[in-house]
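Numbering (this note's numbering), first residue to last: -1 to 135. Glycine is no exception: its CB is placed at the ideal position from the N, C-alpha and C atoms. Read the structure below first, then the notes.
The following block contains the structure:
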């Protein structure tokens, strides 16, 4: 299953988590300091909330979550064949997960990623998961 990802900058993470929990009828899949994500079944959506009071109300980035690294590689090939400039990030820790991904920007500069999660709960050496950096978020 593929699903669209919407990553939003929010001013108050607790308030936003409460709102989106009610809106979609699910609790966050993952919650860390300044970060939460929801795996919504209906509609198929990965909703990511990033606490950034200075940028609240804006899109952080958009994405398409796919099933496998092979799907990411296929997206790299397809986007390249279409003449789009891509940025690959394989085996990168982002949003508290190990991911393989490719980035492309739309004409307005909005970042889109096609990604797969290869480890949903990685903890860097010597750190607990709560201390792990979100990195790209």
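Cβ contact (3+ pairs, closer than 8 Å) linking the stretch 16 to 27 and the stretch 81 to 95: No, the stretch 16 to 27 does not touch the stretch 81 to 95.
Meets three-Cβ-pair contact criterion under 8 Å: the stretch 26 to 42 and the stretch 93 to 102: The stretch 93 to 102 and the stretch 26 to 42 touch, with three or more beta-carbon pairs separated by less than 8 Å.
Kindly list the residues whose CB is nearer than 6 Å to the CB of residue 87, restricted to its own chain and excluding five residues on each side of it in sequence; keep chain order. Counting from 1 along the chain shown, the entry for residue 87 is found at position 89. Same-chain partners within the cutoff: 99.
Complete beta strand (DSSP E) runs within the stretch 36 to 72 (minimum length 3 residues, chain order): For the stretch 36 to 72, whole beta strand (DSSP E) runs of length 3 or above, ordered along the chain, are 43 to 49 and 57 to 63.
List the endpoints of the continuous beta strand (DSSP E) containing residue 117. Counting from 1 along the chain shown, the entry for residue 117 is found at position 119. Residue 117: member of the beta strand (DSSP E) spanning 109 to 117, first to last residue.
Ignore the nearest five residues each way along the sequence and tell me which others in residue 46's own chain have a CB closer than 6 Å to its CB. Looking up residue 46 in the chain shown gives position 48. Around residue 46: 5 and 35.
Using a Cβ-Cβ cut-off of 6 Å (strictly less than) and excluding sequence neighbours within five positions of residue 115, which residues of its own chain qualify? Counted from its first residue, the chain shown places residue 115 at position 117. The beta carbon of residue 115 lies closer than 6 Å to those of 95 and 97 in the same chain, with the five residues before and after it left out.
Spatial neighbours of residue 77 within its chain, please: C-beta separation below 6 Å, excluding the five flanking residues on both sides. Here residue 77 is taken as the residue at index 79 of the chain shown, counted from 1. Sequence-distant Cβ neighbours of residue 77 in its own chain, meaning closer than 6 Å and more than five residues away, are 84 and 102.
Taking all protein chains shown into account, do 16 or more other C-beta atoms lie within 10 angstroms of the C-beta of residue 14, making it buried, or fewer, making it exposed? Numbered from its first residue, the chain shown carries residue 14 at position 16. Its Cβ being crowded by 16 or more others within 10 Å, residue 14 is buried.
What residue does the alpha helix (DSSP H) around residue 91 start on, and which one ends it? Position 93 of the chain shown, counted from the start, is the residue given in the question as residue 91. Counted as a single uninterrupted DSSP element, the stretch harbouring residue 91 is not any alpha helix (DSSP H) but the beta strand (DSSP E) occupying residues 85 to 92.
Report the residue from 1, 7, 56 and 11 whose alpha carbon sits nearest the alpha carbon of residue 37. In the chain shown, residue 37 corresponds to position 39, counting from 1. The candidate whose alpha carbon is nearest that of residue 37 is 1.
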